[in-house]
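Protein chains in written order, with our numbering: chain D, 5 to 204; chain W, 5 to 204.
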């Protein structure tokens, strides 16, 4: 086996572990993720699983990073073609709502779950989730700023307030889809977002 | 020892276990609750702890019931004096926001956390959380109905939509307080609720 192939194989195994861990953590929680369970699912030894990361926390951080990357590719990346401002934001929230609805029964918005799981536990995982949510809020705030400049929203718009309220709609959608399996949730969420993004 | 005292003592021990379990579950999650950890905290044997409930699931259900009762006493019970309709709802959400802010760093809204933890896990705990949230939604819907009848809200108000959006504000407040420790969160939440409950 050439060294190059070995590097590729190592990367592939690492990805495979992260994929399984993400699936498992979506229902069991990131803290409920056990190396033993992962090893069984992957037909690997515990040492083989942990050896790729060094510690359970490092694996948790890799899972969060993978979830953030999936979110980026699924949500903001698909809104790139839309006009900056309310059009792009509407598209991004639309994509997010679809993403949540696709994940029904599979744990829903992974980052929202982890945020709730780790909100009372200081440490690197909590910090990583905070960074991801802060980066999303900054994206929303920047598009709202563009919308205000373009007069799509009133000049006195309180951007921070609007970011807070838009986030609430997404959280309500996630809860309604995941917990209540409410088929009306996506429609309700889109209606709420439209109302927030259309100037009164 | 008289049999009567023994019954009272059993009830007191049961309460003490539930209190400790609620505190522990607020940061560790309801699934993260271990009988061993509880037994250590309470200086009891594991068998002594579990003997009061019969199973871990029965203990989890007792913890959810205790959290629901605390919420009832802290939120809707304090709004009883307010005029039915938007006044009572505003008071109830005010109390809820205060309750969340008091709990900062202690796990926040316990039922929201458990809802997120158990949304992908069918079973009696998930059902109990669903019941609690449905009962709260029914309360909000009934007060909104009163507000519509009293013309505090427009006759065509979509009550289900408004319940959804009010829930979103509470979830955003919980996340902002717990995860971001944002001191502005209570003010933002009150502002959002006022806007939703004041007829346009």
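Built from N, CA and C at the ideal position, the CB exists for glycine as well.
Residue-chain proximity (residue i, chain D), Cβ-Cβ < 8 Å
| i | result |
| --- | --- |
| residue 180 (chain W) | yes |
| residue 168 (chain W) | yes |
| residue 156 (chain W) | no |
| residue 117 (chain W) | yes |
| residue 41 (chain W) | no |
| residue 160 (chain W) | no |
| residue 201 (chain W) | no |
| residue 120 (chain W) | yes |
| residue 192 (chain W) | yes |
| residue 61 (chain W) | no |
| residue 176 (chain W) | yes |
| residue 149 (chain W) | no |
| residue 25 (chain W) | no |
| residue 196 (chain W) | yes |
| residue 131 (chain W) | no |
| residue 45 (chain W) | no |
Exposure of residue i, with buried meaning 16 or more beta-carbon neighbours within 10 Å
| i | result |
| --- | --- |
| residue 89 (chain W) | buried |
| residue 15 (chain D) | exposed |
| residue 135 (chain D) | exposed |
| residue 19 (chain D) | exposed |
| residue 128 (chain D) | exposed |
| residue 10 (chain W) | exposed |
| residue 84 (chain W) | exposed |
| residue 139 (chain D) | exposed |
| residue 49 (chain D) | exposed |
| residue 160 (chain D) | exposed |
| residue 92 (chain W) | buried |
| residue 154 (chain D) | exposed |
| residue 12 (chain D) | exposed |
Cutoff 8 Å: residue i Cβ touching any chain W Cβ
| i | result |
| --- | --- |
| residue 30 (chain D) | yes |
| residue 109 (chain D) | Caution applies to residue 109 (chain D), whose pLDDT of 45 falls short of 50 and renders its modelled position unreliable; the value that the coordinates give is listed next. Answer yes: the Cβ-Cβ gap between residue 109 (chain D) and chain W drops below 8 Å somewhere. |
| residue 173 (chain D) | yes |
| residue 73 (chain D) | no |
| residue 127 (chain D) | no |
| residue 134 (chain D) | yes |
| residue 64 (chain D) | no |
| residue 36 (chain D) | yes |
| residue 183 (chain D) | yes |
| residue 102 (chain D) | no |
| residue 98 (chain D) | no |
| residue 124 (chain D) | yes |
| residue 55 (chain D) | no |
Straight-line gap, residue i to residue j (C-alpha atoms, nearest Å)
| i | j | result |
| --- | --- | --- |
| residue 169 (chain D) | residue 173 (chain W) | 6 Å |
| residue 78 (chain W) | residue 35 (chain D) | 30 Å |
| residue 133 (chain D) | residue 179 (chain W) | 12 Å |
| residue 17 (chain D) | residue 124 (chain W) | 27 Å |
| residue 210 (chain D) | residue 51 (chain W) | The question about residue 210 (chain D) has no answer here: the residues shown for chain D are numbered 5 through 204. |
| residue 156 (chain W) | residue 148 (chain W) | 9 Å |
| residue 101 (chain W) | residue 192 (chain W) | 10 Å |
| residue 97 (chain W) | residue 58 (chain D) | 46 Å |
| residue 5 (chain W) | residue 60 (chain W) | Note that residue 5 (chain W) scores 48 on pLDDT, short of 50, meaning its location in the model is unreliable and no value can be drawn from it. |
| residue 188 (chain W) | residue 99 (chain W) | 16 Å |
| residue 104 (chain D) | residue 55 (chain W) | 41 Å |
| residue 23 (chain W) | residue 175 (chain D) | 29 Å |
| residue 126 (chain W) | residue 185 (chain D) | 12 Å |
| residue 117 (chain D) | residue 47 (chain D) | 27 Å |
| residue 113 (chain D) | residue 37 (chain W) | 23 Å |
| residue 177 (chain W) | residue 21 (chain D) | 35 Å |
Same chain only: Cβ atoms within 8 Å of residue i, ignoring 5 sequence neighbours per side
| i | result |
| --- | --- |
| residue 162 (chain W) | none |
| residue 202 (chain W) | 90 |
| residue 94 (chain W) | 86, 197, 198, 201 |
| residue 183 (chain W) | none |
| residue 145 (chain D) | 163, 164, 167 |
| residue 115 (chain W) | 68, 71, 72, 75, 133, 136, 137 |
| residue 131 (chain D) | none |
| residue 195 (chain D) | none |
Beta-carbon separation (whole angstroms), residue i vs residue j, contact threshold 8 Å
| i | j | result |
| --- | --- | --- |
| residue 25 (chain D) | residue 63 (chain D) | 6 Å |
| residue 121 (chain W) | residue 33 (chain W) | 5 Å |
| residue 53 (chain W) | residue 43 (chain W) | 5 Å |
Contacting residues, own chain, Cβ-Cβ under 7 Å from residue i (five flanking each side not counted)
| i | result |
| --- | --- |
| residue 41 (chain D) | 28 |
| residue 143 (chain D) | 80 |
Close-in-space but distant-in-sequence residues of the same chain around residue i (CB under 6 Å, 5 per side omitted)
| i | result |
| --- | --- |
| residue 151 (chain D) | 89, 90, 157 |
| residue 190 (chain D) | 101, 105 |
| residue 39 (chain D) | 50, 53, 54 |
| residue 171 (chain D) | none |
| residue 82 (chain D) | 99 |
| residue 141 (chain W) | 167 |
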